[in-house]
Every structure is written in C-alpha cells, then in structure tokens.
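Here the UniProt record's numbering is used: the first residue of the sequence shown is 1, the next is one more, and so on.
In this text, a Cβ means the ideal position worked out from N, Cα and C, and glycines have one as well.
Okay, so here's the structure we're looking at.
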Amino acid sequence: MPSQHGIHSWIDGYFKDDWPDNWNAIEEFDTLPEKLAREGYDTALIGKYHLGNAESATDIFNKCVTMQIGHVQSFYENDIIDGEERYKHPGHSVDFFTDKAIDYIDQCSEEKEKPFFLFLTYPAPYGHWPAIQGEPANRYADRFSDSPMLSVPREGISKQMIDWISILKEKGLGDDEYDAMLQIPNDLPTLRNYYSQISIVDDGVGRVLEALENKSLADDTLFIYASDHGMSLGQHGFWGHGEDTWPSNTHREANHIPLIIKAPDDGNKQKVVDSLVGTTDIYATILDYVGLEMHSIKESPARSMRPLIENENIVWDNACFMEQEETRAIRTSRWLFMMRIQNTKYEFKHELYDLVNDPDERVDLALDPEYVDLVAKLSARLNEFFSNYANPRWDLWKGGVVKSNSSRPFLWKETWGDSWAPEY
C-alpha cells in the first residue's frame with residue numbers, strides 16, 4: 001500500500017486492452033513492503049495483485065506468488081506466477097493461496113532470521129460474472145443450495161444504476177458484462193455462489209491463524225483482516241461498488257469494510273471500536289507497531305490506530321473522507337455528505353443523510369433549507385481535506401489525471417479537453 005493509497009477507480013475490464021504490458025499504478029511511491037524490507041523484514045505477496053502488471057510485483061516484494069490476471073474470471077484453472085515459475089493451478093485459488101501462505105509462515109518460523117510481512121490477498125468472493133455465475137460447485141455449495149437468500153435486498157434496480165449502464169452504452173463502453181449487473185441481484189444461483197466463496201475465505205483465514213498458533217507466532221504477530229472495498233448486494237438498488245451508479249456514490253454498503261485487528265501480546269482482549277478510520281490508517285498502524293514514524297510519509301492523512309486499540313479513552317477526529325471520481329464524501333458519526341463536482345455539463349446533485357435518524361441513508365436532505373449551513377460546513381471540510389492532501393498531478397477535480405484508468409474517461413475529456421488521458 002503506498003503512502004497515498006489510490007482513490008481513483010481504474011479496475012474496469014472494458015479498458016484493459018489499453019493497458020501496456022508493464023503498467024504500474026504505484027511506481028513513484030515508496031511502498032510499505034519496500035519500507036519494511038529496508039528495516040530487515042522478509043516480505044511476501046501471496047494472492048491477487050491489482051496494482052499493475054503482476055510480473056513486476058516481485059520488484060516490490062521479496063517473494064511473490066500471484067495470479068497472472070488480477071481480474072477474476074474463475075476461481076479455478078488460474079495461471080500462476082510463483083517467483084520464476086509459471087504454471088496453471090487446477091484447484092480453487094483461495095485454497096491455493098492459503099496453502100502458499102502457510103508454507104511461507106512455516107518457512108519464516110524455521111529460518112527465524114528475519115521478521116516477516118505477509119500480504120495475503122484473496123481473489124474471492126469477487127462480485128461479478130463469470131466468476132460467481134451459476135450455482136456454486138465448491139465444498140460449501142450444500143450450505144446454500146436451498147437458501148432463498150432472504151437477507152439479500154430485493155429493492156429493484158435504481159434509476160442511478162440504469163443511468164450508469166445507459167451512459168456506458170451511449171459512450172460505446174457498455175457490453176454484456178454490464179448487462180449482467182441488472183440480472184445479478186435477482187439471480188439466486190449467483191447469490192448462493194457469492195456467499196459460498198465468502199465461506200471459503202473464512203476457512204482460509206482460520207487456517208492461517210491456526211498456522212500462526214502452531215508455530216507459536218500468534219502472540220508476536222500483528223494480524224489485520226480487511227477488504228479492499230465494500231459491496232452493495234442490492235441496497236439502494238445497485239449491485240457492486242460505488243462506481244456502479246451515475247453519478248457514483250459512497251453509500252455505506254459499497255464502502256464499509258470489515259476490519260479486525262489482533263495486536264501482538266494483547267492477551268486475546270476483545271473489544272469493538274466505533275471510531276471511524278480509513279484504509280490509509282492501516283498503513284500508519286503497521287508502521288507504528290514496527291517502530292517507524294509517520295513523519296517520513298509526506299502529505300498523508302494516515303493515522304495510526306494503535307491508540308484506539310490499546311486505550312479506552314482517546315480523542316479521535318471521527319471523520320472519514322472518500323473519493324469516487326466525480327463524488328467526494330465525508331462521513332462522520334452523524335452525517336454522510338456526498339459532494340459532486342459542479343463544473344461539468346452534467347447536473348450532478350449533492351446528497352446529505354442523517355445517520356442517526358436515517359441509518360439506511362434513504363432520505364436526502366441536501367436541498368432542505370434547514371440544512372443549508374450544514375451543507376456549507378461539510379463542503380468546506382471536504383475542500384480543505386483535498387486541498388491539503390490531493391496531489392495536483394492526480395487531482396481530477398482540478399484537471400489532474402489518473403494512474404492507469406478511469407471508469408469515466410468521457411467525463412474528464414469533456415471537462416478538461418481531449419488531451420486528457422490516464423497515465424500508465
């Protein structure tokens with residue numbers, strides 16, 4: 001994870017033919033594994049690599065076992081890059097990467113020469129066809145075979161999602177992959193398949209924890225379980241990430257991720273922390289636990305979560321800031337405010353939700369006269385945050401570009417001119 005982890009969406013299959021073979025989304029960053037390697041850590045990436053050409057992942061990590069293609073087409077029969085070796089693995093990729101992770105833990109335990117950093121990135125559950133299309137065929141299939149999946153919302157498709165698919169086709173970017181987004185929320189086999197993949201991930205995480213226990217490493221290891229993004233399974237009438245509507249959104253389901261941390265020598269203490277944190281804070285937390293200070297990272301809003309983990313009473317700025325191309329947002333314990341870029345030909349509207357009285361984010365208060373001052377205040381906080389931390393080179397709202405891709409290149413070309421183009 002780089003010191004300013006990416007906030008622009010670029011993982012879009014319909015642009016992949018434009019990517020050069022050697023593209024690298026983090027080339028200019030001093031990354032976490034590189035920092036740790038300089039401090040004497042052995043570092044390993046095991047799993048999906050999604051920040052550039054997988055062939056170059058070994059330049060960042062001492063050890064690399066990954067899939068040749070980061071976009072998951074299937075959990076089976078994947079082409080594997082294993083150091084200098086190349087081969088096809090017939091079995092489930094989550095089980096394969098779990099086995100490799102355990103082998104790495106065993107190796108580090110036996111050699112005992114260096115502390116280690118393992119970045120285990122499972123490709124599942126992955127929320128798109130063809131990977132999760134059809135009834136599950138894995139060992140957890142029976143668990144969901146008769147389930148009506150009543151916990152998954154049946155809200156119908158939102159206008160914002162229909163608008164997004166329509167504009168993709170209007171711009172010549174839509175294809176059958178995005179037609180599938182309209183079908184998935186009501187497709188029972190797909191829903192069962194998706195949940196069965198989550199069970200396989202749960203199983204893999206348990207096996208890795210067991211391996212740490214078996215090697216007497218659990219009490220000396222900082223263990224962090226998280227996800228790269230949330231996933232709307234039909235909430236607010238869309239399936240996918242926040243980019244899958246027009247305009248994009250930052251509703252909770254698409255952005256709220258699981259975060260479980262087991263600190264070294266914590267005596268298995270358990271508590272739930274309600275404070276708001278972001279993924280950049282994971283970076284700062286790891287540096288804190290290994291004894292590296294954050295002042296070495298310039299222009300980063302990252303905060304170590306160690307005080308939240310170790311202390312009951314701590315003063316914490318309870319706010320998260322997000323960006324999804326044309327949408328910037330701030331979430332506090334009380335409010336969610338989505339601010340849209342205004343200097344385009346599209347009439348994007350802001351959104352405001354009261355999270356105490358409207359936790360499901362259904363009643364938009366942005367145009368209510370009663371909340372004019374609040375909208376102005378939250379807008380000012382957003383503008384200040386991005387003024388402080390956005391690198392002008394990558395600031396889309398001020399004519400900057402993206403690393404590798406955008407899901408809305410037409411928007412930025414229309415706004416900033418035909419010369420606008422992603423950098424690779």
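If I measure Cβ to Cβ from residue i and keep anything under 6 Å in the same chain, skipping five residues before and after, which residues do I get?
{"i": "Leu212", "result": "Ala218 and Thr221"}
{"i": "Lys413", "result": "Trp420"}
{"i": "Ile7", "result": "Residue confidence is low: Ile7 scores 40 on pLDDT, short of 50, so the model does not pin down where it sits. No coordinate-derived value is stated."}
{"i": "Arg184", "result": "Correcting the residue type first, residue 184 is Ile in the shown sequence and not Arg. Closer than 6 Å at Cβ, skipping near neighbours: Thr190 and Trp239."}
{"i": "Gly399", "result": "Trp416"}
{"i": "Cys320", "result": "Leu276, Gly278 and Arg331"}
{"i": "Gly127", "result": "Met231"}
{"i": "Tyr289", "result": "Leu222"}
{"i": "His229", "result": "His241"}
{"i": "Gln197", "result": "Ala124 and Pro125"}
{"i": "Asn22", "result": "Asn53"}
{"i": "Ala254", "result": "Gly230, Ser232, His241 and Gly242"}
DSSP puts residue i in a beta bridge; with which residues?
{"i": "Ile330", "result": "Phe321 and Phe337"}
{"i": "Glu423", "result": "Lys403"}
{"i": "Asn311", "result": "DSSP output for Asn311 lists no bridge partner at all."}
{"i": "residue 429", "result": "Within the shown structure, residues of the chain are numbered from 1 to 424, placing residue 429 beyond reach of any answer."}
{"i": "Ala263", "result": "Partner(s): none; Ala263 has no beta bridge."}
{"i": "Met67", "result": "Ile80"}
{"i": "Thr43", "result": "Phe117"}
Keeping to the same chain, check which residues put their C-beta closer than 8 Å to that of residue i; ignore five residues upstream and five downstream.
{"i": "Glu361", "result": "His236, His251, Arg252, Leu336, Tyr353 and Leu355"}
{"i": "Ile80", "result": "Val65, Thr66, Met67, Gln68, Arg86, Tyr87, Lys88, His89 and Phe96"}
{"i": "Leu308", "result": "Val273, Ser275, Val277, Ile314 and Trp316"}
{"i": "Val375", "result": "Phe337, His350, Leu352 and Ala366"}
Less than 8 Å between the C-beta atoms of residue i and residue j, yes or no?
{"i": "Tyr389", "j": "Pro301", "result": "yes"}
{"i": "Thr415", "j": "Thr344", "result": "yes"}
{"i": "Met231", "j": "Leu188", "result": "no"}
{"i": "Tyr195", "j": "Lys114", "result": "no"}
{"i": "Trp129", "j": "Ala57", "result": "no"}
{"i": "Val208", "j": "Ile102", "result": "yes"}
{"i": "Arg154", "j": "Asn186", "result": "yes"}
{"i": "Ser379", "j": "Met339", "result": "yes"}
{"i": "Ile200", "j": "Val94", "result": "yes"}
{"i": "Ser227", "j": "Ile257", "result": "yes"}
{"i": "Gly234", "j": "Val363", "result": "no"}
Quick check: the Cα distance between residue i and residue j, rounded to an integer number of angstroms?
{"i": "residue 497", "j": "Asn311", "result": "This structure cannot settle anything about residue 497, because the visible part of the chain is limited to 1 through 424."}
{"i": "Val72", "j": "Phe97", "result": "14 Å"}
{"i": "Leu287", "j": "Glu39", "result": "11 Å"}
{"i": "Val397", "j": "Gly417", "result": "What sits at residue 397 in the sequence shown is Trp, not Val. Rounded to the nearest angstrom, the two C-alpha atoms are 13 Å apart."}
{"i": "Pro422", "j": "Ser216", "result": "47 Å"}
{"i": "Tyr132", "j": "Lys48", "result": "Sequence check: residue 132 is Ile here, not Tyr. Answer to the nearest angstrom: the Cα atoms are 17 Å apart."}
{"i": "Asp274", "j": "Ser387", "result": "27 Å"}
{"i": "Ser406", "j": "His241", "result": "14 Å"}
{"i": "Thr280", "j": "Asn249", "result": "20 Å"}
{"i": "Lys63", "j": "Asp373", "result": "53 Å"}
{"i": "Tyr283", "j": "Leu120", "result": "15 Å"}
{"i": "Thr43", "j": "Ile60", "result": "9 Å"}
{"i": "Phe385", "j": "Asp146", "result": "48 Å"}
{"i": "Ser408", "j": "Glu28", "result": "Rather than Ser, the amino acid found at residue 408 in this sequence is Arg. Those two C-alpha atoms are separated by around 24 Å."}
{"i": "Asp203", "j": "Leu367", "result": "47 Å"}
{"i": "Arg334", "j": "Pro359", "result": "9 Å"}
{"i": "Ile341", "j": "His350", "result": "9 Å"}
{"i": "Phe410", "j": "Asp244", "result": "15 Å"}
{"i": "Tyr424", "j": "Val402", "result": "8 Å"}
{"i": "Ala137", "j": "Ala37", "result": "40 Å"}
{"i": "Leu32", "j": "Ser109", "result": "22 Å"}
{"i": "Asp106", "j": "Gly134", "result": "37 Å"}
{"i": "Tyr346", "j": "Leu292", "result": "45 Å"}
{"i": "residue 440", "j": "Leu45", "result": "Only positions 1 to 424 of the chain appear in the structure, and residue 440 is not among them; the question remains open."}
{"i": "Tyr122", "j": "Gly267", "result": "28 Å"}
{"i": "Glu55", "j": "Gly70", "result": "11 Å"}
{"i": "Asn357", "j": "Asp30", "result": "43 Å"}
{"i": "Arg393", "j": "Glu326", "result": "16 Å"}
{"i": "His5", "j": "Asn391", "result": "Its pLDDT being 36, under 50, His5 is placed unreliably in this model, and the value from its coordinates should be taken loosely. Rounded to the nearest angstrom, the two C-alpha atoms are 12 Å apart."}
{"i": "Ile157", "j": "Asn193", "result": "21 Å"}
{"i": "Ser9", "j": "Lys271", "result": "In this prediction, Ser9 has a pLDDT of 42, which is less than 50 and means its spatial position is unreliable; what the coordinates show is noted afterwards. Spanning the two alpha carbons is a distance of roughly 33 Å."}
{"i": "Glu77", "j": "Phe117", "result": "28 Å"}
{"i": "Lys169", "j": "Asp163", "result": "10 Å"}
{"i": "Lys159", "j": "Phe75", "result": "32 Å"}
{"i": "Glu210", "j": "Arg306", "result": "24 Å"}
Report all residues from its chain with a CB closer than 7 Å to the CB of residue i; omit the five preceding and five following residues, and keep chain order.
{"i": "Tyr371", "result": "Leu352 and Leu365"}
{"i": "Arg381", "result": "Ile330"}
{"i": "Arg303", "result": "Asp281 and Ala284"}
{"i": "Asp82", "result": "Val65"}
Any chance the CB of residue i is under 7 Å from a heavy atom of the ligand COA?
{"i": "Cys108", "result": "For the ligand COA, the structure offers nothing, since it holds no ligand at all."}
Q. Can you give, in chain order, each stretch of the beta strand (DSSP E) that sits fully within the segment 193-260 and has at least 3 residues?
A. 223-226
Q: Go through the segment 80-157 residue by residue and report every complete run of the beta strand (DSSP E) that reaches 3 residues or more, in order.
A: Within the segment 80-157, complete beta strand (DSSP E) segments of at least 3 residues are found at 85-89 and 116-121, given in chain order.
**Q.** Segments assigned alpha helix (DSSP H), at least 4 residues, entirely inside the segment 340-409
**A.** 372-389
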